[in-house]
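Peer 1: Residue numbers (the numbering used here): -18 to 570.
Take a look at this one; I'll ask things after.
Next comes the structure, spelled out in C-alpha cells:
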C-alpha cells in the first residue's frame, strides 16, 4: 500500500561563498592513478561566471563618466540639484546630477584618520535640515589616530588592533567653496572599539522633529547586546544636535563607559529617559549589524536592514509613534529563536527575513517616492543583498510581506572580487526621490539606477538540459564521463533517506591546494556534481527514483555558482530548474 508522502523542494542555486567538502577519492585513498581528463568548466559547457538572474528590471550605470572607490552612500545636496557620494576610505564627493557629469568635487577628505574595510570606514552622512544657512554636515565613521590607517582600499588591515578604532559621530562645516573647512570637525560621540565589524551606519534627520537618528551594531562583542547602560551599541539612537532645551530636550545626564558624548541634548520623549543607569540616547535596541536605516517621509516609517549571522537576514520597521522597540538580537535571528521571559523594551520581530540561500548581507534601502516608476514601485521599499547583488521590492500588500526580485547589480572589480564586499553596498535618493544603487569596488565602482525591462540574455547561459553539460555519457544509465572522478564525504548530511552520488571534474593540468586545517582551494573551472535518488518502494530498496543533479562551479573570480537539474520521470534527461518547486513523492511501504 502507499505510505508516507515526502515533500521535496528544489531551487536554482546562485551561491557566492564556498566551503570545501571533506574529499576522499572513492576507491583511491592515495590519490588518482591518472590526471584529470577534461578542460575547465566541463569542457566549456558551463559559464565562466554565474549568469545574471533578474526580474523585468535592470540596473544601468547612472553616470558613465564617473568612478568611485568603495562608495557607501549617496544623497542629494540640499538646495541644489547636485549629488553627494561618500566612500568607505574617507572621501566625500559632490557632482552634478546629470548623466553627462564628468567632474566631481572633493567635499571632505578624512582618509588619513578613517579606517576602512569590513564593516568600518565612512559609514553614514547627513546634511543638517538648516544646511542652507549653517552649512553643517554630519558624518559617522571609524576614526583612528591620524597617520595610522592600516591597509587601503585594496588591502585588508591585518591584524585587527583592538582599542585603536573609534566609532565617531562628528559635525563638519562646509565652506563657500563647497569643501569642509579645515579644523571644523566637532566630535559629538567617540567610542573606543574592539573590532572593525558591526558598526552600523544608518543616519538621517527626521523632518517631523528635527532630531538626528543613527544606528550602531554590537561591534561583534556579545556583551554589547541587550544592554542600554554601558555604551551606545546595538541600537538606534536619537539626539537633538541643536540643543533646543525646554520642553524639547535636555543635557546629557550620563556618559558611555568606553567613550565620550557631548555637544547635543537628549530628546525629552526618548523611551528610556529617567531610567536608572540608562543611556538616554537609545531609541531602540536589539540590533546586530544595522548597516542601513532610512526614513520614508511620506509615512514616517523607519526601515532598518540588519545583517544576520549564520542563518537569516532581516528588515525591521519602526512605525510612527513607536519607540523603545527591542529587535531581539541575539535571542533571535530573523524569525528563528525565542525571547526570554524578561527583556528591555517592546519585543518586535522583523517584517521580513530571508535565509542565506537568498543572500548573506542585507542592504537596507528606501521607499520609492520618485516619478519615473510610480505605477510599478510607488510606495514599495527597495532593498538588496551585498553578496548576491540582488535588488528586491518589498510587497507589503502580501500576507506575510514578501520580496519581489527586480534585478542584479554587477559585481564590483578589484582584488576582493568574488567574495564579500564586492557587490551592492548601499542605496541613495536624489532630490526628486529617484533611487540609486552604489557598487562596492576598490578600483572603480559605479552608481547604478533602475531601468524598466530585464537585461539581455547572457552570452553564455546555463545549459537547459543536463545532457548538454556532458557529465554523463549515457543519461538513462547515468554513466559518468571520463571527466568525472567519484568521491565520498566523511560525514554526509542527512537527506531524508535519499541516496547521493558525488563526482568532481578537475581541469586537466590543475591541482587542489591541500590544507590540514583550513578549507581546500580548488582551481577555477572545477565542477562538483551530486545526484539525489530516492527509494520509493520499501519492498524493493534497490529501485530508486532519480530526483535531481546539482552542479557547483568554481568560477573565474574565485566565487562559486550552482545549478540544479530535475530528472524527467523516464530518466531520459534532466531540466534546468529556474524557480522553486515543490513535489509530493509517494513512498510504498
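Ideal Cβ positions, reconstructed from N, Cα and C, are used throughout, including at glycine.
Note that this is a predicted model, so its numbers are computed, not measured.
Can you tell me which of the three DSSP states residue -6 falls into?
Peer 2: One-based indexing of the chain shown puts residue -6 at position 13. Unreliable placement is indicated for residue -6, whose pLDDT of 35 sits below 50; the coordinate value is still reported in the next sentence. Correct three-state label for residue -6: coil.
Peer 1: Spell out the partners DSSP gives residue 515 in its beta bridges.
Peer 2: As a position in the chain shown, residue 515 is number 534, starting the count at 1. The partner list for residue 515 (beta bridge, DSSP) reads 526.
Peer 1: Could you round the C-beta distance between residue 213 and residue 172 to whole angstroms and report it? I think they count as a contact, below 8 Å.
Peer 2: Within the chain shown, residue 213 is the residue found at index 232, counting from 1. Within the chain shown, residue 172 is the residue found at index 191, counting from 1. With 8 Å as the limit, residue 213 and residue 172 qualify as a contact, their Cβ atoms being about 6 Å apart.
Peer 1: With the cut-off set at 7 Å, would you say residue 422 and residue 393 are in Cβ contact?
Peer 2: For the purposes of this step, residue 422 is taken as residue 441 along the chain shown, with counting starting at 1. For the purposes of this step, residue 393 is taken as residue 412 along the chain shown, with counting starting at 1. Contact: yes.
Peer 1: Using 8 Å as the threshold, is the stretch 258 to 270 in touch with the stretch 214 to 222, meaning 3 or more CB pairs across them?
Peer 2: Taking 8 Å as the limit for Cβ pairs, the verdict is that the stretch 214 to 222 does touch the stretch 258 to 270.
Peer 1: Between the stretch 278 to 296 and the stretch 238 to 246, can you find at least three pairs of beta-carbon atoms closer than 8 Å?
Peer 2: No, they do not touch.
Peer 1: Alpha carbons only, please: which of 506, 455 and 519 is nearest the one belonging to residue 478?
Peer 2: The sequence position of residue 478 within the chain shown is 497, counting from 1. Comparing Cα-Cα distances from residue 478 to each of 506, 455 and 519, the minimum goes to 519.
Peer 1: Assuming contact is defined by CB atoms lying nearer than 7 Å, are residue 57 and residue 412 in contact in what I supplied?
Peer 2: Position 76 of the chain shown holds residue 57. Position 431 of the chain shown holds residue 412. Yes. Within cutoff.
Peer 1: Looking only at its own chain, which residues have a Cβ that is under 6 Å from the Cβ of residue 254, when we skip the five neighbours before and after it?
Peer 2: Locating residue 254 in the chain shown gives position 273, where the first residue counts as 1. So the qualifying residues of the chain are 261.
Peer 1: Answer yes or no: do residue 376 and residue 370 have a C-beta to C-beta separation smaller than 7 Å?
Peer 2: Here residue 376 corresponds to residue number 395 of the chain shown, with the count starting at 1. Here residue 370 corresponds to residue number 389 of the chain shown, with the count starting at 1. In this structure, residue 370 does not lie closer than 7 Å to residue 376 by Cβ.
Peer 1: DSSP three-state label for residue 214, please.
Peer 2: For the purposes of this step, residue 214 is taken as the residue at position 233 of the chain shown. Of the three classes helix, strand and coil, the one that applies to residue 214 here is coil, per DSSP.
Peer 1: Only counting the same chain, and skipping five residues up and downstream in sequence, which positions put a Cβ closer than 8 Å to that of residue 357?
Peer 2: By one-based count along the chain shown, residue 357 stands at place 376. Closer than 8 Å at the Cβ level, and outside the excluded window around residue 357, lie 433.
Peer 1: Do the stretch 142 to 159 and the stretch 172 to 186 touch if we need at least three Cβ pairs shorter than 8 Å?
Peer 2: They touch, by the three-pair rule.
Peer 1: Who are the Cβ neighbours of residue 448 in its own chain at under 7 Å, not counting the five residues just before and after it?
Peer 2: Locating residue 448 in the chain shown gives position 467, where the first residue counts as 1. Excluding residues within five positions, the ones whose Cβ falls inside 7 Å are 456 and 554.
Peer 1: Tell me whether the stretch 180 to 193 and the stretch 72 to 92 touch, counting them as touching only if at least three CB pairs, one residue from each stretch, are closer than 8 Å.
Peer 2: Contact between the stretch 180 to 193 and the stretch 72 to 92 is absent, because fewer than three Cβ pairs lie under 8 Å.
Peer 1: How would you write the range of the beta strand (DSSP E) that residue 108 sits in, first residue to last?
Peer 2: Counted from its first residue, the chain shown places residue 108 at position 127. Unbroken beta strand (DSSP E) run through residue 108: 103 to 108.
Peer 1: Report yes if the C-beta of residue 56 is less than 6 Å from at least one heavy atom of the ligand SAH; otherwise report no.
Peer 2: As far as ligands go, the structure on display features none, and thus does not contain the ligand SAH.
Peer 1: Per DSSP, what kind of secondary structure is residue 94 in: helix, strand or coil?
Peer 2: Residue mapping note: residue 94 aligns to position 113 of the chain shown, counting from 1. Here residue 94 sits in helix by DSSP.
Peer 1: Can you pull the DSSP bridge partners for residue 379?
Peer 2: Counting from one through the chain shown, the residue named residue 379 turns up at place 398. Per DSSP, none; premise fails for residue 379.
Peer 1: Pull up the distance between the alpha-carbon of residue 52 and that of residue 135, whole angstroms please.
Peer 2: Here the question's residue 52 lines up with position 71 in the chain shown. Here the question's residue 135 lines up with position 154 in the chain shown. Whole-angstrom Cα-Cα distance: 13 Å.
Peer 1: Who pairs with residue 184 in a beta bridge, going by DSSP?
Peer 2: Here residue 184 is taken as the residue at index 203 of the chain shown, counted from 1. Bridge partners of residue 184: 195.
Peer 1: Whole angstroms is fine: what's the gap from residue 10's alpha carbon to residue 468's?
Peer 2: For this step, residue 10 is matched to residue 29 along the chain shown. For this step, residue 468 is matched to residue 487 along the chain shown. Per-residue confidence for residue 10 stands at a pLDDT of 45, beneath the threshold of 50, marking its modelled position as unreliable; no derived number is given.
Peer 1: With burial defined as no fewer than 16 other Cβ atoms inside 10 Å of the residue's Cβ, what is the status of residue 374: buried or exposed?
Peer 2: Counting from 1 along the chain shown, the entry for residue 374 is found at position 393. Per the 10 Å Cβ criterion, buried.
Peer 1: Whether or not the stretch 328 to 335 and the stretch 303 to 310 are in contact is what I'm after, with contact meaning three or more pairs of Cβ atoms, one per stretch, closer than 8 Å; do they touch?
Peer 2: Contact holds: three or more Cβ-Cβ distances are below 8 Å.
Peer 1: Can you have a look at residue 116 and say buried or exposed, based on whether 16 or more other CB atoms are within 10 angstroms of its CB?
Peer 2: On the chain shown, residue 116 is found 135 positions in, with the first residue counted as 1. Counting Cβ neighbours within 10 Å, residue 116 comes out buried, since at least 16 surround it.
Peer 1: If you check the beta carbons only, do residue 416 and residue 312 fall under 7 Å apart?
Peer 2: Residue 416 sits at position 435 when you count from the first residue of the chain shown. Residue 312 sits at position 331 when you count from the first residue of the chain shown. Cβ atoms of residue 416 and residue 312: not closer than 7 Å.
Peer 1: Rounded to the nearest angstrom, how far is the Cβ of residue 93 from that of residue 128, given a contact under 8 Å?
Peer 2: For the purposes of this step, residue 93 is identified with residue 112 of the chain shown, where counting begins at 1. For the purposes of this step, residue 128 is identified with residue 147 of the chain shown, where counting begins at 1. That belief holds up - the Cβ atoms of residue 93 and residue 128 are roughly 6 Å apart, short of 8 Å.
Peer 1: Per DSSP, which one or two residues make a beta bridge with residue 75?
Peer 2: Start at 1 with the first residue of the chain shown, and residue 75 comes out as number 94. Paired residue(s): 65 and 86.
Peer 1: How close, in whole Å, do the beta carbons of residue 366 and residue 294 come, if the pair is a contact with beta carbons under 8 Å?
Peer 2: Working through the chain shown from its first residue, we reach residue 366 at position 385. Working through the chain shown from its first residue, we reach residue 294 at position 313. Between residue 294 and residue 366 the Cβ distance is about 7 Å, and since that is below 8 Å, they are a contact.
Peer 1: If you follow the alpha helix (DSSP H) that residue 113 is in, where does it begin and where does it stop?
Peer 2: Taking the chain shown and counting its residues from 1, the one referred to as residue 113 is at position 132. 112 to 115 is the span of the alpha helix (DSSP H), which, as asked, contains residue 113.
Peer 1: Per the contact definition of three or more C-beta pairs closer than 8 Å, is the stretch 59 to 69 in contact with the stretch 476 to 491?
Peer 2: Cβ pair count under 8 Å is below three, so no.
Peer 1: Return yes when the Cβ of residue 43 is within less than 7 Å of the Cβ of residue 372, no when it is not.
Peer 2: Counting from one through the chain shown, the residue named residue 372 turns up at place 391. Counting from one through the chain shown, the residue named residue 43 turns up at place 62. Contact flag unset, no.
Peer 1: Would you list the one or two residues that DSSP bridges to residue 568?
Peer 2: Residue numbering aside, residue 568 sits at position 587 when the chain shown is read from its first letter. Bridge partners of residue 568: none, in fact.
Peer 1: Helix or strand or just coil, what does DSSP make of residue 149?
Peer 2: Position 168 of the chain shown, counted from the first residue, corresponds to residue 149. Correct three-state label for residue 149: strand.
Peer 1: If we call anything under 7 Å between Cβ atoms a contact, is residue 395 one with residue 424?
Peer 2: Residue numbering aside, residue 395 sits at position 414 when the chain shown is read from its first letter. Residue numbering aside, residue 424 sits at position 443 when the chain shown is read from its first letter. In this structure, residue 424 lies closer than 7 Å to residue 395 by Cβ.
Peer 1: With DSSP run on the structure shown, which of helix, strand or coil describes residue 477?
Peer 2: By 1-based counting over the chain shown, the position of residue 477 is 496. Residue 477: coil per DSSP, three-state reduction.
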